[in-house]
Every structure is written in structure tokens, then in C-alpha cells.
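Novice: Chains A and B supply the protein sequences, listed in that same order.
Here our numbering is used: position 14 in the first sequence is 18, and no number is missing along the way.
Here our numbering is used: position 220 in the second sequence is 261, and no number is missing along the way.
For glycine and all other residues, C-beta sits at the position ideal for the given N, C-alpha and C.
Predicted model only: the values in this text are computed from it and were never measured.
Before I ask anything, here is the structure I am working with.
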Amino acid sequence: MAAAVFPAWLALQPGARTLRAFSTAVSPATRAPTPSPRTTERTSKYERPLRRKALPPRTEKMAVDQDWPSVYPVAAPFKPSVVPLPVRMGYPVKSGVPMAKEGNLELLKIPNFLHLTPVAIKKHCEALKGEKGFHTAHSEEQHYILHYLKFCTEWPAALDNDEKCEKHFPVEIETADYVSAGPSVRNPKARVVTLRVKLSSLNLDDHAKKKLIKLVGERYCKTTDVLTIRTDRCPLKRQNYDYAVYLLTVLYHESWKTEEWEKNKTEADMEEYVWENSSSEKNILETLLQIKAAEKNLEVNKEELLGTKEVEDYRKSVVSLKNEGDNESTLSQYKESVKRLLNLT
Amino acid sequence: TMLKGMTRLISRVHKLDAGHFLHTGSQAPQNLAAHLDNQVPVESPRAVSRTSESDPAKHGEQHEGQHYNIPLQDLKAVFPHGLPPRFVMQVKTFNEACLMVRKPALELLHYLKNTNFAHPAVRYVLYGEKGTGKTLSLCHIIHFCAKQDWLILHIPDAHLWVKNCRNLLQSTYNKQRLDQPLEASIWLKNFKTANERFLSQIKVQEKYVWNKRESTEKGSPLGEVVEQGITRVRNATDAVGIVLKELKRQSSSGIFHLLVAVDGVNALWGRTTLKREDKSPIAPEELALIYNLRKMVKNDWHGGAIVLTLSQTGSVFKPRKAFLPQELLGKEGFDTLDPFIPILVSNYNPKEFESCIQYYLENNWLQHEKAHTEDGKKELLFLSNTNPGQLERLCAYL
Chain A
5 MAAAVFPAWL ALQPGARTLR AFSTAVSPAT RAPTPSPRTT ERTSKYERPL
55 RRKALPPRTE KMAVDQDWPS VYPVAAPFKP SVVPLPVRMG YPVKSGVPMA
105 KEGNLELLKI PNFLHLTPVA IKKHCEALKG EKGFHTAHSE EQHYILHYLK
155 FCTEWPAALD NDEKCEKHFP VEIETADYVS AGPSVRNPKA RVVTLRVKLS
205 SLNLDDHAKK KLIKLVGERY CKTTDVLTIR TDRCPLKRQN YDYAVYLLTV
255 LYHESWKTEE WEKNKTEADM EEYVWENSSS EKNILETLLQ IKAAEKNLEV
305 NKEELLGTKE VEDYRKSVVS LKNEGDNEST LSQYKESVKR LLNLT
Chain B
42 TMLKGMTRLI SRVHKLDAGH FLHTGSQAPQ NLAAHLDNQV PVESPRAVSR
92 TSESDPAKHG EQHEGQHYNI PLQDLKAVFP HGLPPRFVMQ VKTFNEACLM
142 VRKPALELLH YLKNTNFAHP AVRYVLYGEK GTGKTLSLCH IIHFCAKQDW
192 LILHIPDAHL WVKNCRNLLQ STYNKQRLDQ PLEASIWLKN FKTANERFLS
242 QIKVQEKYVW NKRESTEKGS PLGEVVEQGI TRVRNATDAV GIVLKELKRQ
292 SSSGIFHLLV AVDGVNALWG RTTLKREDKS PIAPEELALI YNLRKMVKND
342 WHGGAIVLTL SQTGSVFKPR KAFLPQELLG KEGFDTLDPF IPILVSNYNP
392 KEFESCIQYY LENNWLQHEK AHTEDGKKEL LFLSNTNPGQ LERLCAYL
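So, in C-alpha cells, the structure goes:
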């Protein structure tokens, strides 16, 4: 049906070169004196300009070493008369071959990258390079990245390693932008803002740090000492960014304050084991006192007992045992310290 | 030693019953032949796996890996309820009780020999993976202390007191707590068998009134309290409590040395599977037995020692792979036992493994023809991963 419409178009735009391609598909029959009954045009046969005879396709005139990027400078549909390759596409009939390129709808449907041959990309890179001195990219992706980078400023030379970056810019903001072809440019995923900061770069004392960690809970990673705040509750990225910064400010100030009810912190709330006033301390004190009593040595006082090196070792081993859990080294350390404390050989 | 080995081998041939005779008969000439043929005297397998030193007090590093024999009548007197059930079966099969001398036990023996009885009792905790020999090491220690004439307070498995108990009664002594008459009376019976000779020596130091008609006067022997507990099952738990209290008080006086040995001590601080009639769970401290036992393992007395083992087998609500002290004891348990000496009981080292295989071979326990070859031993080593319990179970099939 499409083929039937084309002659009518040709009649309307005899000058359009692009449509000449289709003329080759149609048999070069001259116009019939009687107008074809399917045409919908009103022009009489005498007003229709005479159709030129179909010329041979351009491919026959192409040199092998021609400048291809000028044939396909931009993304364009597949033109069988312009592409000099004898390409075939389609499912062959029984004992047949795939269809040739002329008039092949399959070749039209698929996207082609004839405008992005390596030569073309090289040319683009040269054009983009300017004074930047980038490594020449050969893939489409890198091509796009370079295109974008052309509009960025240079990385500051002073920040050449990670430590300096962290020292001067401890807060990292991570946002994502999404590009897609569709009716709307907006993407709800783009409003997410992630704020990362290392707690060591914040000015926190011991109590403040513990309180902050308790306040944020899961958002703090112990191994890397990084606080991550991910906000997406506001509809806009800018709003989320403001909110994240606000959260950080509030956390910082709140953790410095000490509330009334913090006095009621029990042993179960403690993050790490504290030796002073623990039951372990009481036990060892009692044991030592009893030992001294057995040796009729009643003039010792508590501070002296607790200040000896053996008790110090014992304290360290108990703290490590409680904080790190059981493993060979902590257990053997504990064993040695108890042996020395109780004078067992 | 070679000659001694051979003579002992011949005497063993006569000792074993007829069922085994043929097999040993064929084996014995082989061994003898092997001994006679070699110019260089080969260490007879007996020397590797056994030692004739049957007094634990004299065990030292040179005996490490070797089995020593406990005479069977001693066994009944010292261990009325202490041995693990599989070991009891093995004793019955082999008609002898042999324990392997191993490093953890030797270490403990060393500490015990150097105990200062004026200082508070030191707590030693044996811990290790499942099947490594903690209970048998404890038995070794108990044998030593029994030979040294200590009073043995042995609770064979504390887990038995926190699970599957019927007949919980409200305690007569303290209304908040609960009694376990069955468990208490069983334990009292065994305690009596183990420490017969002390029960008449030790005198109670205050008067105990059981009910309107019965009471125990001050100064009467402890045996009376035990009898009361055995005959009047209702008062058994209180009797246990009294025994513990008296022993603790009087060990400091120096009449006797007290060994408190508890297997599965992590049961004291865990959870129980017991529930009241209204299905509310019972905490361990609400059981009178557990409450009194907890007092016993604190180090506020002197004149003895406390040896404990942690055990996951039989424990309730603990994962199977748990064996480290803090995992099994929990925070409460650790804080109560602190400071203690943790002693790790590990799998067999190559020498101990070899010795164990030799022991089984000598007793004709391994009937498989490949069992005594090097390849067979390697296979057993790999399959059991040198774990004593696992090895024992594997060899039972061979």
C-alpha cells in the first residue's frame, strides 16, 4: 500500500531528493495516461510535472576512500542507495536468501550507527579535545562523557590525594540525575540526596560522640567511621539537600547537650565495657582482700590494691574480653593475668 | 620393657573371654613374632598407649597421651554418678576403666597440687568444643582429689536440674523458691556413696528443724541430714541446701579439703525449660537447688578448689556451635565466676590419637581389617578430625 502512495508524493514534490530512493523500488513505468484509481490527488495528469527517470543510486559513484562522516553526518534512517554495503536482512523463504537492502523495511526499523563510525568518533574527539589533552576515546559511551566534560572546569591541582580532599571537604554529597527519553524530563528518583561525613572530622568529645551514635543508630558505620544520611522525603533535590544539612547540624548540637535523664544510663546501655564500678572490679577486690586477710596482712587499702601492675593487666584483659568477645588471644591473656593475680605458678 | 610388654600381652590373652580368644590368639603370635624378629627393640604399642602409673598424683608430662587404669572398685566408690554414659558402656565392654592422661588435666593437677588452702578457692573452668574430653578430664581430677582424700562435691550434670523436672514443689524453707525432690534425692544418694567416710566425721553446726516431729540437733553427723533427705523426699532439696552450706562453712576450718566439681555449670545462669502451672517460665534462681549451688561456686570460702566445665550438650537454648566461655556463661555467669582460670580442652594431638587407636586395637575394639594400617588410621583421623568423641563413635561401628 505504501508503494502505491509514493508515486502520488512524487508528483507533489518532484524536487525532494530523499524520496528519490523510493522511486527505484517502483518500476520505472511512466505515468499511465489514465490516472490510477487509488490516487487521492486532484491534480490532473497534465499539471503533474513529468517524472524524471530514476537515476542510478549514489553508491555507484562512491569512491572507496571517500569521507564517510559527510555521507552520514547525523543520525539518519538507513538509505539503501547511499550505503554501499550489500547488506541483506530478513527471514529467507524456503530455498531463498534474505531480502536485499532495497526497500527493506527491517533495515529501516532498526537503529543504525552509520553516523558513528570510528573515523567519525575520532573526528569528534579531535574537535572536543581542544587543549584538554584527553586520551582519545573510541567508544560511544566515552564519546558522550567527553562531550559532557568539555563543559566542566578543571580539577583543582591542589587536591591531588584523598587525604587532602577529606581534610578540606569532609562532607560528601551524592546526588543522581536521570536522563530518559520520554514525555517528561522529571524523574522522582532524582530527589534522593546522600550526605556522608566522617565523625573524626567533626568536633565531638567522648560523650557527644556516643550520644550521636545512639541517636543515628543504623546510619553510622563503625568500621569506616562514616555517618550516612539519606534523605528523600521532600519532593525536590534542593529541599532534600537542605534537610540533610539541617539534620547534621541538629545532631551535632544535640549531642553536645546533656539532658537530665541521661544520668539514668545503666550498664546495659553502655556501648563498651567500663571497668570502674563493675562487678568484675568488686570481685577482684574482694578476692584480693581475702588473700591479704589470709596472709594476716590487714593494713592494705583499696587504692593500693587496685593500683598494682597485676590488677592493671587484669583490668585490660577483662576489658578486651568483654569488648572483643572470646578468642584465643583474649582468653589466654585473661588466663595469664588471673594466674599472676592469684599467684598460681 | 619389651619383655614386660610381652608378658602382659600373654596374661591378657588368658584374661579375655573365649569369644575374643581366637582373634587374640592369632594376633598374639604375630606381635611376639614381630618383637622377636626385630633386632632393634621396637616400642611395643602398649608402651605408647598405656602407663602403669595409676595414681593421678604422680602423673606428669611423660605420661601425656597414655591411658592409666582405674581399678573397678575404685570406680564405684569415686564415680557413682559422674561418668559420661558412653564411657560407662565402654568400661563395661572392656571390663576395665582407662582414662587418657592429657595436657589440660595435667595443667589442672599442677595447680591443684600447689593450692594454697588459706586463700579463697580458685575457680577453674574447662571449656572446649563438643566431644573434646572435658567431662573425662573432670573425672581425672576427681579421681586425683579422691585419692588425696578430699571431699568431693560432684554435680554430674547441672543441666539435669534445669530441664524436664517433674514434681516441682514449693519450697518449705523459702516460699519464693521451688523444690526438686527427685533430683535432690538422687544426688544425695550418690553423694553418700562417694563420701561415706566423711559423713560421720563432719558435724553440723546448728539445729535444723524439718517438721513438727523431726529435727537434727547441733553436733550430729552430716550423715543424718543426708539420710533425712533420702528417706523424706520432700525435704531432699533442703537437705542438699544444708549439706552445701555446712560444707562451705567447715571447709575453711581445715578438717578436710573440698572439691566442688560441676559439669555443665553454664546451666546455672541460663534459662530453664520449666514452667509453673500457669505456664509462666521459671528463672534458674527460683529453683532452690540452683540457688544454693550458685552460692557454692563463689569464691568466698577457702580450703579447697572449684573445677567447672562448660557444656553445650544438654544445655537449653544455646546454639550447637557455642563453646566459648562468654557465649555459654552469659554476662551474669561470667561476672559471677570472674576471676577464673579458663582451660581449653582441645582435640587429640597426633600422639594422643595414636595412643587412642592403639588402646582400641589392644582391646580388639576395631574389628575392621584395615583398622591398624597407616591408611586406615589416616582415614579415621580425617573422619573424626581428631575429635575424641567423634572418634569413639566412629570406632564403635568398626
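(1) Quick check: the Cα distance between residue 253 of chain A and residue 282 of chain A, rounded to an integer number of angstroms?
(2) Go through its chain and collect everything with a Cβ distance to residue 79 of chain A's Cβ below 7 Å, but skip five positions before and after it.
(3) What ranges does the beta strand (DSSP E) occupy inside the region 257-293 of chain A, keeping only unbroken runs of at least 3 residues that lie completely in it?
(4) Taking CB distances under 8 Å as the criterion, tell me whether residue 4 of chain A reaches chain B.
(5) Please name the residue, chosen from B:151, B:398 and B:94, that lies closest to residue 414 of chain B on a Cα-to-Cα basis.
(6) At a Cβ cut of 9 Å, what residues of the region 308-339 of chain A count as close to chain B, listed as they run along the chain?
(7) Is residue 383 of chain B helix, strand or coil by DSSP?
(8) Does any CB atom of chain B fall closer than 8 Å to the CB of residue 291 of chain A?
(9) If I'm right that residue 221 of chain B touches residue 206 of chain B with Cβ under 8 Å, what's the distance once you round it to whole angstroms?
(10) Should the region 346-366 of chain B be regarded as contacting the region 316-325 of chain B, the criterion being three or more beta carbon pairs within less than 8 Å?
(11) Under 9 Å between beta-carbons, which chain A residues line up against residue 161 of chain B? List them in chain order, please.
(12) Which residue marks the beginning of the alpha helix (DSSP H) containing residue 123 of chain A, and which one marks its end?
(13) Using the C-alpha atoms, what's the distance from residue 100 of chain B back to residue 94 of chain B?
(14) So does the region 256-269 of chain B actually touch the region 149-162 of chain B, counting three or more Cβ pairs closer than 8 Å?
(15) Grouping DSSP H, G and I as helix and E and B as strand, with all else coil, what is residue 300 of chain A?
(16) Of the choices A:130, A:106, A:164 and A:81, whose alpha-carbon is the least far from that of residue 116 of chain A?
(17) Anything in chain A within Cβ reach of residue 365 of chain B, meaning under 9 Å, just list it in chain order.
(18) Within 10 angstroms of the Cβ of residue 273 of chain A, are there 16 or more other Cβ atoms? Answer buried if so, exposed if not.
(19) Would residue 188 of chain A count as contacting chain B if we go by Cβ distances under 8 Å?
(20) Please report the straight-line C-alpha distance between residue 342 of chain B and residue 290 of chain B, rounded to a whole angstrom.
(21) Just how far apart, CA to CA, sit residue 228 of chain A and residue 202 of chain A?
(22) Please state whether the Cβ-Cβ distance between residue 90 of chain B and residue 294 of chain B is less than 8 Å.
(23) So residue 170 of chain B contacts chain A; which residues on that side make the cut at Cβ distance below 8 Å?
(24) Out of A:71, A:101, A:98 and A:59, which one is the CA nearest neighbour of residue 85 of chain A?
(25) Please list, in chain order, the chain A residues whose beta carbon lies closer than 8 Å to that of residue 326 of chain B.
(26) Check the Cβ of residue 298 of chain B against every Cβ in chain A and list those closer than 7 Å, keeping chain order.
(27) Determine whether the Cβ of residue 376 of chain B lies closer than 8 Å to any Cβ atom of chain A.
(28) Please classify residue 215 of chain A as buried or exposed, where buried requires at least 16 neighbouring CB atoms within 10 angstroms.
(29) Determine the contact status of residue 381 of chain B and residue 315 of chain A, defining contact as a CB-CB distance below 8 Å.
(30) Can you find at least 3 beta carbon pairs, one from the region 297-308 of chain B and one from the region 193-206 of chain B, that sit closer than 8 Å?
(31) Please state the DSSP three-state secondary structure of residue 373 of chain B.
(32) Using CA atoms only, rank isn't needed, just tell me which of B:140, B:135 and B:146 is closest to residue 387 of chain B.
(33) With H, G and I counted as helix, E and B as strand and the rest as coil, what does DSSP make of residue 189 of chain B?
(34) Do the CB positions of residue 73 of chain A and residue 124 of chain A come within less than 8 Å of each other?
(35) What does the Cβ neighbour count give for residue 156 of chain A, buried or exposed, with the cut at 16 atoms within 10 Å?
Specialist: To lay it out plainly:
(1) 35 Å
(2) 119
(3) none
(4) This structure cannot speak to residue 4 of chain A, because chain A is shown only from 5 to 349.
(5) B:398
(6) 318, 322, 325, 326, 329, 330, 331, 332, 335, 336, 338 and 339
(7) strand
(8) yes
(9) 5 Å
(10) no
(11) 290, 291, 294, 295, 298 and 346
(12) 122-133
(13) 7 Å
(14) no
(15) coil
(16) A:81
(17) 329, 330, 331 and 335
(18) exposed
(19) no
(20) 7 Å
(21) 8 Å
(22) no
(23) By Cβ distance, chain A contributes nothing, its closest Cβ being about 13 Å from residue 170 of chain B, past 8 Å.
(24) A:59
(25) By Cβ distance, chain A contributes nothing, its closest Cβ being about 16 Å from residue 326 of chain B, past 8 Å.
(26) The contacting residues do not exist; residue 298 of chain B stays about 15 Å from chain A at best.
(27) yes
(28) buried
(29) no
(30) yes
(31) helix
(32) B:146
(33) coil
(34) yes
(35) exposed
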